[in-house]
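Participant: Pasting a structure here, questions to come.
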Amino acid sequence: MKKRLRMLIMLCSMLASSLLSHAQPANDSIQLLIRWVDTSTATIVKQAPYGKYATPNNAKQALARWQQQMVLQGYAAASIDSLIQTPQQITAYLYVGKQYWWRSLQLDTVLLQLLGNNASAITYGWQRKPFTQVQLQYWLQQVQQQLLAKGYPFAATYCSNVLVQNDSIDAILSCNLGNKYIFDTIIVHGNVKLQPHVLSHTLQIFPKAVYSELLLQTINERLASLPYLQQVQPWQVDMLNSGARLHLYLAPRKSNQANVLVGILPSNVQNNNKLLLTGEANVLLQNALTAGETIQLQWQQLQPQSPRLQIGYQQPSMFKSKYSGAFNFQLFKRDSSFLNLQAGLQVGLNVAANTQLQLGIGIANSSVLQIDTQQVKITRQLPDIADVQTLQLTLQYRQQQLNNSNNPTRGAIIHWLLRAGNKTIQPNNTITALKSNDFNYARLYDTVQLKTYLLQLQGQYQHFIPIKKQGTLRLAAQVGAMFSGNYFRNELFMVGGLRTLRGFDEESIYTHRYVLGTAEYRLLISAEGYVFGFTEGGVAGYPTSSGDQYRTFLSGGVGLALPTAAGVLQLTYALGTRSDVPFAVRQGKIHIGLVSRL
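Following this line, the structure appears as structure tokens:
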């Protein structure tokens, strides 16, 4: 009996549950209905958020977005008047109101005098636009920013003389200026030795100059661009009766370098089938004379009997002006083939915190050291090298923004160099002196344009992307293009090696146009140490009498940068292959370097 009663109760419960589930619809959505408190146009009705929503909260969020949208269209009084909610639907009563338009917007006489030509630019575009509080606040903020840059840090801006007629609004932007400030002095706390005018030009903050809040906001970025100093605590400003006094807390940073790089090239015909030991020494002194200057001396022996010497000097704030000056000299000898000499003067201007523009003039001379006269007699053609002189103008653009100049993990570097000038080819005396009964070798130069133009463009881009906590991806691209009436091998770009295309002999690829790319992953093991793997590749062209010939290059390798007591030890192993040369493990390149910061 008890068993039957239990079964009956269970059946009744199941029946009741079934009836309730059919009687009540599933609450998986809610309907939003709209009722208008005032009259509305078809355009307004179309923008209303009718429809079904997954939850009541989603429907209310849609209503809030509608209200915000209406306000941005000039319906300043648009609102959600009331809501009636049931389990199945929400009924919203909406009020739209009038759409207000700007009829006139002006600046008062004080602002017009202070802002000058910038006055009209601040409120540009208000004509025939709907009134919005957001746009009004934006204009007020623009006025505030201009006043901050003109020495009024405590100025207050507001909207005055507001007149509303029907659906039109007239207003005037006004301000309470407060006291005008100037920069009094810059006080440096710490043992940094740097001439005051260099620091002032770096920060663009000068004693007795008009106080600017915008310049203060760039201090950290500008100081970070100086490799020889660092901030130990944030800067501070004291607002005194005499003006704004800026306090900087600085300490020296090790930036002077003495680098030694050793490379091992595998045996080949050029090396008489022996291993070749290459070398490079680099001395870099920064702010050694307390004037923010950079002195660089570099010597290289990267190919057999092919030394290179580079000397450079750069002086910021030249003669206490906003311009920088630079001088550079280069000497390069390619075995017994030719000797290249190049010198130049540049004047630069910092156009932004980490951006510099340089204009310069330079001369270049390439002299042939030895002529294969037998080859000239056999072919009765000029060799692929010539005595070339060039007078050129240069234009450089450089932008650098890195979080750490020694071992960056975030940031970018952009560098462009444009050279344009006149090129003169001097007939070689060794060739013109050759004698033959049936041929005049001096006439070989009749087929050569002895005076022509030369245009060179080179660019470099590096981008450092942080990956999680310990990783960095370095992406880089290098391009170069040369245009001239004729080309000789000793004036072409030379790429290959540690700085351009690892896995290939240093400066062994002669080219007049190239595009190179790099992808390198670094795994940080300390502040200046990391292990890395990379792949590099590109295309390079070589001009010939039958047309330009292009080859593709591909390389890859691994390396290590290890901090030691003497400096940062760098070790790189790379393998490269060319489109017309089979891959060979025996042709791997090893680079060993030591970067010592003093």
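The opening position of the sequence shown corresponds to residue 593 in my numbering, with each subsequent residue numbered one higher.
Think of the CB as a built atom: it goes at the ideal place given N, C-alpha and C, for glycine as much as any other residue.
Model, not experiment: these values are computed from the prediction.
Quick check: what's the CA-CA separation for residue 698 versus residue 674?
Facilitator: Residue 698 sits at position 106 when you count from the first residue of the sequence shown. Residue 674 sits at position 82 when you count from the first residue of the sequence shown. So the alpha carbons of these two residues sit roughly 38 Å apart.
Participant: Tell me the DSSP secondary structure of residue 1114 in three-state form.
Facilitator: Locating residue 1114 in the sequence shown gives position 522, where the first residue counts as 1. Three-state DSSP puts residue 1114 in a strand.
Participant: If you follow the alpha helix (DSSP H) that residue 1053 is part of, which residue opens it and which one closes it?
Facilitator: By one-based count along the sequence shown, residue 1053 stands at place 461. It is not in any alpha helix (DSSP H) - residue 1053 instead sits in the beta strand (DSSP E) that spans 1043-1059.
Participant: Does DSSP put residue 625 in a helix, in a strand, or in coil?
Facilitator: Numbered from its first residue, the sequence shown carries residue 625 at position 33. Strand.
Participant: When DSSP builds the beta bridges, which residues end up paired with residue 693?
Facilitator: As a first step, residue 693 is located in the sequence shown; it is residue number 101 there, counting from the start. For residue 693, which the question treats as bridged, DSSP gives the partners 722, 760.
Participant: Give every residue of the same chain whose Cβ lies closer than 6 Å to the Cβ of residue 1090, excluding the five residues on either side of it in the sequence, and list them in chain order.
Facilitator: Locating residue 1090 in the sequence shown gives position 498, where the first residue counts as 1. Here the set comprises 1183.
Participant: Given a threshold of 16 other Cβ atoms within 10 Å of its Cβ, counted over all protein chains shown, does residue 642 qualify as buried or as exposed?
Facilitator: Your numbering for residue 642 matches position 50 in the sequence shown. By the neighbour-count rule (16 or more Cβ atoms within 10 Å), residue 642 is not buried but exposed.
Participant: Closest to residue 693 by CA distance: which of 894, 755, 622, 1135 is it?
Facilitator: By 1-based counting over the sequence shown, the position of residue 693 is 101. That would be 755, whose Cα lies nearest to the Cα of residue 693.
Participant: Measure the alpha-carbon distance for residue 772 versus residue 716 and round it to whole angstroms.
Facilitator: Along the sequence shown, read from residue 1 onward, the residue named residue 772 stands at position 180. Along the sequence shown, read from residue 1 onward, the residue named residue 716 stands at position 124. So the two alpha carbons sit approximately 27 Å from each other.
Participant: Thinking residue 1200 and residue 1021 are a contact (beta carbons under 8 Å), I'd like their distance in whole angstroms, please.
Facilitator: Residue 1200 lies beyond the residue range present for the chain, which begins at 593 and ends at 1190; the question has no answer from this structure.
Participant: With DSSP run on the structure shown, which of helix, strand or coil describes residue 1038?
Facilitator: The count along the sequence shown starts at 1 and reaches residue 1038 at position 446. Three-state result, residue 1038: helix.
Participant: Within the continuous alpha helix (DSSP H) that includes residue 969, where are the two ends?
Facilitator: Residue mapping note: residue 969 aligns to position 377 of the sequence shown, counting from 1. Segment 965-971, the alpha helix (DSSP H) holding residue 969.
Participant: Return yes when the Cβ of residue 904 is within less than 8 Å of the Cβ of residue 935, no when it is not.
Facilitator: As a working note, residue 935 is residue 343 in the sequence shown. As a working note, residue 904 is residue 312 in the sequence shown. Against a cut-off of 8 Å, the Cβ pair of residue 904 and residue 935 comes out as no contact.
Participant: Would you be able to state if there are at least three C-beta pairs under 8 Å between the stretch 743-750 and the stretch 677-690?
Facilitator: The stretch 677-690 is not in contact with the stretch 743-750.
Participant: Classify residue 1104 as helix, strand or coil using the three-state DSSP reduction.
Facilitator: Residue 1104 sits at position 512 when you count from the first residue of the sequence shown. DSSP places residue 1104 in coil when its eight states are reduced to three.
Participant: Run the CB neighbour count on residue 906, radius 10 Å, all protein chains shown included, and call it buried at 16 or more, exposed below.
Facilitator: Looking up residue 906 in the sequence shown gives position 314. That one is buried.
Participant: Terminal residues of the continuous beta strand (DSSP E) containing residue 1015?
Facilitator: Translated into the one-based positions of the sequence shown, residue 1015 becomes position 423. From DSSP, the beta strand (DSSP E) with residue 1015 extends over 1003-1018.
Participant: Between the alpha carbons of residue 731 and residue 725, how many angstroms are there, rounded?
Facilitator: Here residue 731 refers to the residue found at position 139 when the sequence shown is read from its first residue. Here residue 725 refers to the residue found at position 133 when the sequence shown is read from its first residue. Straight-line Cα distance between these residues: approximately 10 Å.
Participant: Once you ignore the five residues that flank residue 881 on each side, which residues in its own chain have a CB closer than 6 Å to its CB?
Facilitator: The residue given as residue 881 occupies position 289 in the sequence shown. For residue 881, where only same-chain residues beyond five positions count, there are no Cβ hits under 6 Å.
Participant: For residue 622 and residue 653, what's the separation of their Cα atoms in angstroms?
Facilitator: On the sequence shown, residue 622 is found 30 positions in, with the first residue counted as 1. On the sequence shown, residue 653 is found 61 positions in, with the first residue counted as 1. So the alpha carbons of these two residues sit roughly 13 Å apart.
Participant: The alpha helix (DSSP H) that contains residue 913, what's its start and end?
Facilitator: As a first step, residue 913 is located in the sequence shown; it is residue number 321 there, counting from the start. Careful: residue 913 lies outside any alpha helix (DSSP H) and carries neither H nor E.
Participant: From which residue to which residue does the beta strand (DSSP E) around residue 844 run?
Facilitator: Locating residue 844 in the sequence shown gives position 252, counting from the first residue. 835-844 is the span of the beta strand (DSSP E), which, as asked, contains residue 844.
Participant: For residue 712, report the span of its alpha helix (DSSP H) as first-last.
Facilitator: Taking the first residue of the sequence shown as 1, we reach residue 712 at position 120. Counting along the chain, the alpha helix (DSSP H) containing residue 712 begins and ends at 710-714.
Participant: Could you tell me which residues DSSP puts in a beta bridge with residue 1095?
Facilitator: Locating residue 1095 in the sequence shown gives position 503, counting from the first residue. Note: residue 1095 sits in no beta bridge, so no partner.
Participant: Taking the CB atoms as reference points, tell me whether residue 895 and residue 1099 lie closer together than 8 Å.
Facilitator: Taking the sequence shown and counting its residues from 1, one reaches residue 895 at position 303. Taking the sequence shown and counting its residues from 1, one reaches residue 1099 at position 507. In contact: residue 895 and residue 1099 (Cβ atoms closer than 8 Å).
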